[in-house]
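Number of protein chains: 4
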Amino acid sequence: MTPTSAATATGHHPSGPGTAPHGYIAQKDAYLKRLRRIEGQARGLQRMVEQEQYCIDILTQVSAMTSALRSVALGLLDEHLQHCVVRAAQEGGEEAEAKLHEASQAIARLVRS
Amino acid sequence: MTPTSAATATGHHPSGPGTAPHGYIAQKDAYLKRLRRIEGQARGLQRMVEQEQYCIDILTQVSAMTSALRSVALGLLDEHLQHCVVRAAQEGGEEAEAKLHEASQAIARLVRS
Amino acid sequence: MTPTSAATATGHHPSGPGTAPHGYIAQKDAYLKRLRRIEGQARGLQRMVEQEQYCIDILTQVSAMTSALRSVALGLLDEHLQHCVVRAAQEGGEEAEAKLHEASQAIARLVRS
Amino acid sequence: MTPTSAATATGHHPSGPGTAPHGYIAQKDAYLKRLRRIEGQARGLQRMVEQEQYCIDILTQVSAMTSALRSVALGLLDEHLQHCVVRAAQEGGEEAEAKLHEASQAIARLVRS
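Line order of the protein sequences matches chains C, A, H and Z.
In terms of the working numbering, the first sequence opens at residue 1 and continues consecutively.
In terms of the working numbering, the second sequence opens at residue 1001 and continues consecutively.
In terms of the working numbering, the third sequence opens at residue 2001 and continues consecutively.
In terms of the working numbering, the fourth sequence opens at residue 3001 and continues consecutively.
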């Protein structure tokens, strides 16, 4: 698993030679598969609306899709803590503090979304 | 806007002649547009993972997408209460009770998803 | 169970003779019991902080307390739909519309809290 | 700020001499104050039910209380990441992994509560 040029394209989050890639990348294919399934759920919802299906049935699918998204988010966050945050903590200093602040804010957005 | 055959295809939720269609149908196009945008967000997330972008940036997009889904759900629920539930309440009887129980369960799923 | 003077004290939500009391009142004692237990959880959390217990153990209790509150809210909402909203729907008119709008907003606040 | 005997009473989370106390303890008084206010909200809710106040007004207070609890949880989690998790990450090994796994599970419980 090597960092691609795309990874360094984010600019302020380089993961060049000598630094490990983002935590989730080891499971990149699994995440892509889950996101494709979520995309399929979004298309399924359009079909249900198109066919004027019953509101409650649509709501049930929206809840299932929201749960699937939540799971992806919790997975990404777990990998982020285990890799990026641990690495930053070991290096210490301002960078570590910034990374932790950033993680806390992401958690808050997640909890409130 | 008349109920289409698709609407009656749901079987146990007929909205044939004499009954009004589901509440959200008056805004069908607006809902389809919002769901297409959500589908686009799901594709955008796949692109971000594909390009190995920074975990926190992906999480920010997941939160935005979850909020968009929540908004759609709250909109659908509002229409459902204003149309299907009101109609059932006016008719009364067991059907009304069943509809209200069903709405409460949909709300609970939504709150917990 | 008769509406008490306290119920009419809310002013703009009278439930005088001829109108039924709010839906949850039939289960008033059960709700009071649940809320007392939640108050106890709030006191338990203070004890944990006072005793400088482990953060994660405190968070587990906060999650349990949040779930208990959510359950109370979903119960109250269900009673509200089954009684106040149904009654308003049967009476129809502007009052019904206002009640439904109000219920939808309460659901939105609940989902986002 | 010294770890009290109560803190070590949790057994598997000792914070004896040489180890730092849990992150939130520096703000112990602020947390106690917030939790006392939340306890007051729980009592306020009982009063509202006792007085048979309007369901929607009660629900509004429940939402406010849930938000206050969420804020406390996010604060505690932030302190936990900045102190306990950083410390564990610096020490490394199995302990670090266990602490991160534990934090991820607490986040998941929080998101789903």
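Virtual Cβ for every residue (Gly too), placed ideally from N, Cα, C.
Check this for me: beta carbons of residue i and residue j, under 8 angstroms apart or not?
i                 : j                 : result
Ala1042 (chain A) : Glu39 (chain C)   : yes
Ile2058 (chain H) : Leu3081 (chain Z) : no
Ile56 (chain C)   : Ala1106 (chain A) : yes
Gln3090 (chain Z) : Gln90 (chain C)   : yes
Tell me which same chain residues have a C-beta within less than 7 angstroms of the C-beta of residue i, skipping the five on either side of it?
i                 : result
Thr1004 (chain A) : With a pLDDT of only 40 at Thr1004 (chain A), under the threshold of 50, the placement of this residue in the model should not be trusted; the figure read from the coordinates follows. Contacts found: none.
Met1 (chain C)    : With a pLDDT of 39 at Met1 (chain C), under the threshold of 50, the modelled position of that residue is not reliable, and the figure given next carries that caveat. The answer, listed in chain order, is Pro21, Ile25 and Ala26.
His1013 (chain A) : For His1013 (chain A), the predicted structure reports a pLDDT of 45, less than 50, and the residue's modelled location is therefore unreliable. The matter cannot be settled from this model.
Leu2100 (chain H) : Val2085
Ala98 (chain C)   : none
Gln2053 (chain H) : none
Ala1093 (chain A) : The amino acid at residue 1093 (chain A) is misidentified as Ala; the sequence shows Gly. Excluding residues within five positions, none has a Cβ falling inside 7 angstroms.
Pro17 (chain C)   : Bear in mind that the predicted position of Pro17 (chain C) carries a pLDDT of just 42, short of 50, making it unreliable; the figure below should be weighed with that in mind. Around Pro17 (chain C): no qualifying Cβ.
Arg1070 (chain A) : none
What first and last residue would you give for the alpha helix (DSSP H) that runs through residue i?
i                 : result
Ser1027 (chain A) : Here residue 1027 (chain A) is Gln; the residue named in the question, Ser, does not match the sequence. First-last for Gln1027 (chain A): undefined, no H or E at that position.
Ser113 (chain C)  : Unbroken run through Ser113 (chain C): none, as it is neither H nor E.
Give me the chain A residues within the contact set of residue i, using Cβ-Cβ distance strictly less than 9 angstroms, ordered along the chain.
i                 : result
Val2072 (chain H) : Result: empty, since nearest Cβ-Cβ is about 12 angstroms, beyond 9 angstroms.
Please list the partners that residue i has in chain H, where partner means a Cβ-to-Cβ separation under 7 angstroms.
i                 : result
Val1111 (chain A) : Arg2070, Leu2074, Leu2110 and Val2111
Only counting the same chain, and skipping five residues up and downstream in sequence, which positions put a Cβ closer than 8 angstroms to that of residue i?
i                 : result
Glu3095 (chain Z) : Ala3088
Glu3102 (chain Z) : none
Ala68 (chain C)   : Arg34, Arg37, Ile38 and Gln41
Leu2045 (chain H) : Ile2058, Gln2061, Val2062 and Met2065
Tyr3031 (chain Z) : Tyr3024, Val3072, Gly3075 and Leu3076
Thr1010 (chain A) : With a pLDDT of 39 at Thr1010 (chain A), under the threshold of 50, the predicted position of this residue should be treated as unreliable, and no value is reported.
Asp1029 (chain A) : none
Ser3104 (chain Z) : none
Under 7 angstroms between beta-carbons, which chain Z residues line up against residue i? List them in chain order, please.
i               : result
Leu81 (chain C) : Leu3100, Ala3103 and Ser3104
For residue i, which residues in chain A fall below 8 angstroms Cβ to Cβ?
i               : result
Val49 (chain C) : Tyr1024, Lys1028, Tyr1031, Leu1032 and Leu1035
Give the interface partners of residue i over in chain Z, defined as CB-CB distance under 8 angstroms, in chain order.
i               : result
Ile38 (chain C) : Per Cβ cutoff of 8 angstroms: no residues; Ile38 (chain C) is ~17 angstroms from chain Z at best.
Val86 (chain C) : Ala3089, Ala3096 and Leu3100
Note down, in chain order, every chain Z residue with its Cβ under 9 angstroms from the Cβ of residue i.
i                : result
Ile107 (chain C) : Leu3074, Leu3077, Asp3078, Leu3081, Ile3107, Leu3110 and Val3111
Which same chain residues end up closer than 6 angstroms to residue i when comparing Cβ atoms and leaving out the 5 residues on each side of it in sequence?
i                 : result
Leu2110 (chain H) : Ala2073
Glu79 (chain C)   : Gly23 and Tyr24
Met2048 (chain H) : Ile2058
His2083 (chain H) : Gly2023
Ser113 (chain C)  : none
Quiz item: Going along the chain, which unbroken runs of the alpha helix (DSSP H) with 4 or more residues stay wholly within the region 3049 to 3091 of chain Z?
Solution: 3055 to 3080 and 3086 to 3091
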